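Visitor: Have a look at the structure that comes next, please.
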Amino acid sequence: MRQLLFWGLLIWCGVSSAAFDERTRADIAERAGELARTHTLLVAVEGETVIERGYRDYRTDETVNIKSLSKTWIATLVGAAIDRGVIESVDQPVTELLADRVPANVDPRVREITVGQLLSMQSGLERTSGGNYGAWVASDNWVADALRRPFVGEPGGRMLYSTGNSHLLSAALTQTTGRSTLALMRDWLGEPLGIDIPPWTRDPQGIYFGGNEMGLAPTALLAFAEMIRRGGRVDGEQVITEDWIEASWQHRTNSVYTGHAYGYGWFTTELAGVTAHYGRGYGGQLLFVVPDKDLSVVITSDPTPPSSGSYFQQQAAIVEKIIRAI
C-alpha cells in the first residue's frame, strides 16, 4: 500500500521518477559522452536541471562557439523587435529596414524579400553557405554581397539554407535601431535571462555576424531553452511573446538534409512520439525544447571540421532516450 501511495504521489505531482533516477541519468550521460564530439550535456525537466555534465575537460559554464545555432537566437531577437514595434511585421520588406545599405545595382526582386522569408530561409537568393561561404566572408561587404547574389528560386519558395539571410537580419536590426546586434541581444535577451553574452565576430562594416560564430555558455543556452519552453517567460517577465514562439515553430518549409519542418530559426521533428523543436549548429551544437515533456536539452560539441552529417542522428537518439525516460 505504501508503495502504491508513493507512486500515486509522484504522478499527482507530475514528476516522473525515471527522469530523476540516478542510474538512468548516469546511463544517459555516459551514452552522450561516448559520442566522439560531445563537450557538454545539460537536461532540464519541469525547470529542474537533472543532468549537467562536461566531457573532455570542457565545462558547462565556459563560452563555446555555437555556430549556426546562433540563427535561432537571431530569429528570437527579430521576434523581440517585432514585439517592440521596431520591425512592423514578418511581411515587411527587408530593404525598408536596410535603407542605404542596399546596393543600387541589385535585382529588383530583392525589394520583394520580406523579413519572414529571410527567417524561414526562403529568400530565393543564391546561398552564402556551403561552397559559397568562403568567398562571401572574404568579401569587403557581406550585406551587399548577399543581396547581389543571383536568384536561384522565388521569394517564398523552396528552402535555401543560407547564413547570409540571417546576417541581413542582423544588419536590418542595426540599421533600424542604431544599436549593435550585441547591444540588442544583451538588452532584450541577456539581461532578462541573467546570462552573459560576449562579443563575437563582426563583418567589415562592424555588423555582428547574424547566424554564425556566436559564443555562449551551455548554461546560457539552457536558460534560453527554458525561457522558450515557458512560453517566453522568465520569473514572471514576458521576454518574448508566446505568439511569436508559436509563429517560429509553424511549419513553413522543409530541410533538404533531414526533411524536418522549418519555421523561423527552428526545426521541428518527432522523437519518441512527441513533437520536438530544435536549433542546430555545425559540429553538433544542439538545443531541444520538448513542450509535451516539459523538457529542455542542450548538447555542445567540437565545432571544428570535419563533422559527419550523420552525427546529428546519433545526438537525436540521445534526446529520444531522454524523452522515453521521462
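Residue numbering for the sequence shown is -18 to -1, 1 to 308, as defined by mature numbering (1 follows the signal peptide of the UniProt record, and there is no 0). The beta-carbon is built from N, C-alpha and C at its ideal position, and this holds for glycine as well. These numbers come from a predicted model, not from an experiment.
#1: How is the beta strand (DSSP E) around G98 delimited, first residue to last?
#2: Does the distance from the C-beta atom of L101 to that of F133 stay below 8 Å?
#3: Would DSSP call E173 helix, strand or coil?
#4: Take the Cβ of N147 as the centre, count every other Cβ of all protein chains shown within 10 Å, and call the residue buried at 16 or more, exposed below.
#5: I'd like to know whether the C-beta atoms of T240 and N194 end up nearer to each other than 8 Å.
#6: What does the Cβ neighbour count give for E208, buried or exposed, with the cut at 16 atoms within 10 Å?
#7: To the nearest angstrom, how far is it from the Cα of T20 to the Cα of G113?
#8: Hey, which unbroken runs of the alpha helix (DSSP H) at 4 residues or more fall wholly within the segment 210 to 291?
#9: Pick helix, strand or coil for G15, following the three-state DSSP scheme.
#10: Following the continuous alpha helix (DSSP H) through T58, name the residue where it begins and the one where it ends.
#11: Is it right to say A243 is buried, meaning 16 or more other beta carbons lie within 10 angstroms of its own, or is it exposed?
#12: Count the other CB atoms within 10 Å of the CB of D73; is the residue buried (16 or more) or exposed (fewer)?
#13: With DSSP collapsed to three states, give me the class of F133.
#14: Among the candidates Q99, D3 and Y40, whose CA atom is the shortest distance from the CA of Y143?
#15: Could you check how far apart the C-beta atoms of Q104 and G139 are, in whole angstroms? I think they sit under 8 Å.
#16: Can you have a look at R93 and say buried or exposed, based on whether 16 or more other CB atoms are within 10 angstroms of its CB?
#17: Rounding to the nearest angstrom, what Cα-Cα distance links E219 and I177 in this structure?
#18: How far does the alpha helix (DSSP H) with V119 in it extend, from its first residue to its last?
#19: Which class does L142 belong to by DSSP, given the choice of helix, strand or coil?
#20: Quick one: grab the DSSP three-state call for A86.
#21: I want to know whether the segment 278 to 285 touches the segment 4 to 22 - three or more CB-CB distances under 8 Å.
#22: Alpha carbon to alpha carbon, what distance is there between F206 and H233?
#23: Evaluate the contact criterion for the segment 50 to 68 versus the segment 246 to 255: three or more CB pairs, one atom per stretch, below 8 Å.
#24: Less than 7 Å between C-beta atoms, sequence neighbours within five positions excluded: which residues of the same chain meet that for G29?
#25: Where P75 and A86 are concerned, what is the direct C-alpha to C-alpha distance, given to the nearest angstrom?
#26: Look at the alpha carbon of C(-6) and the alpha carbon of Y293, and state the distance between them as a whole number of angstroms.
#27: My output table needs one value for G160: the three-state DSSP class, helix, strand or coil.
Guide: With the structure as the only source:
#1: Reading the sequence shown from its first residue, position 116 is the one you call residue 98. Note, G98: premise wrong, no beta strand (DSSP E); alpha helix (DSSP H) at V97 to L101.
#2: The residue labelled residue 101 in the question sits at position 119 within the sequence shown. The residue labelled residue 133 in the question sits at position 151 within the sequence shown. Their beta carbons are not under 8 Å apart, which means L101 does not touch F133 by this criterion.
#3: Residue mapping note: residue 173 aligns to position 191 of the sequence shown, counting from 1. In this structure, E173 counts as helix in the three-state DSSP scheme.
#4: If you number the sequence shown from 1, residue 147 lands on position 165. Classification for N147: buried.
#5: As a working mapping, residue 240 is identified with position 258 in the sequence shown. As a working mapping, residue 194 is identified with position 212 in the sequence shown. Contact: no.
#6: Residue 208 sits at position 226 when you count from the first residue of the sequence shown. Classification of E208: buried, given that the 10 Å Cβ count is 16 or more.
#7: Residue 20 sits at position 38 when you count from the first residue of the sequence shown. Residue 113 sits at position 131 when you count from the first residue of the sequence shown. Looking at the two C-alpha atoms, the distance is approximately 26 Å.
#8: 224 to 231
#9: Here residue 15 refers to the residue found at position 33 of the sequence shown. In this structure, G15 counts as helix in the three-state DSSP scheme.
#10: What you label residue 58 is simply residue 76 of the sequence shown in a count that begins at 1. S52 to D65 is the extent of the alpha helix (DSSP H) around T58.
#11: The count along the sequence shown starts at 1 and reaches residue 243 at position 261. With 16 or more other Cβ atoms within 10 Å, it is buried.
#12: Residue mapping note: residue 73 aligns to position 91 of the sequence shown, counting from 1. When all chains shown are included, D73 counts as exposed.
#13: Taking the sequence shown and counting its residues from 1, one reaches residue 133 at position 151. F133 falls in the strand class under three-state DSSP.
#14: Within the sequence shown, residue 143 is the residue found at index 161, counting from 1. Ranking the options by Cα distance to Y143, first place goes to Q99.
#15: Looking up residue 104 in the sequence shown gives position 122. Looking up residue 139 in the sequence shown gives position 157. Confirmed, Cβ separation roughly 6 Å.
#16: For this step, residue 93 is matched to residue 111 along the sequence shown. It counts as exposed.
#17: The sequence position of residue 219 within the sequence shown is 237, counting from 1. The sequence position of residue 177 within the sequence shown is 195, counting from 1. Taking the straight line from one Cα to the other gives about 15 Å.
#18: Position 137 of the sequence shown, counted from the first residue, corresponds to residue 119. Per DSSP, V119 belongs to the alpha helix (DSSP H) from Y115 to A120.
#19: Walking along the sequence shown from the start, residue 142 turns up at place 160. If DSSP states are grouped into helix, strand and coil, L142 belongs with coil.
#20: As a position in the sequence shown, residue 86 is number 104, starting the count at 1. Coil at A86, not helix or strand.
#21: yes
#22: Taking the first residue of the sequence shown as position 1, residue 233 is located at position 251. Taking the first residue of the sequence shown as position 1, residue 206 is located at position 224. For H233 and F206, the distance between alpha carbons rounds to 21 Å.
#23: yes
#24: As a working mapping, residue 29 is identified with position 47 in the sequence shown. If we look at G29 and ignore the five residues flanking it on each side, its Cβ neighbours are E208.
#25: Residue mapping note: residue 75 aligns to position 93 of the sequence shown, counting from 1. Residue mapping note: residue 86 aligns to position 104 of the sequence shown, counting from 1. Taking the straight line from one Cα to the other gives about 16 Å.
#26: Against the sequence shown, residue -6 aligns to sequence position 13. Against the sequence shown, residue 293 aligns to sequence position 311. Note that C(-6) scores 42 on pLDDT, short of 50, meaning its location in the model is unreliable; the coordinates nonetheless yield the value given after this. One C-alpha to the other measures close to 36 Å.
#27: The residue you call residue 160 lines up with position 178 of the sequence shown. Three-state result, G160: coil.
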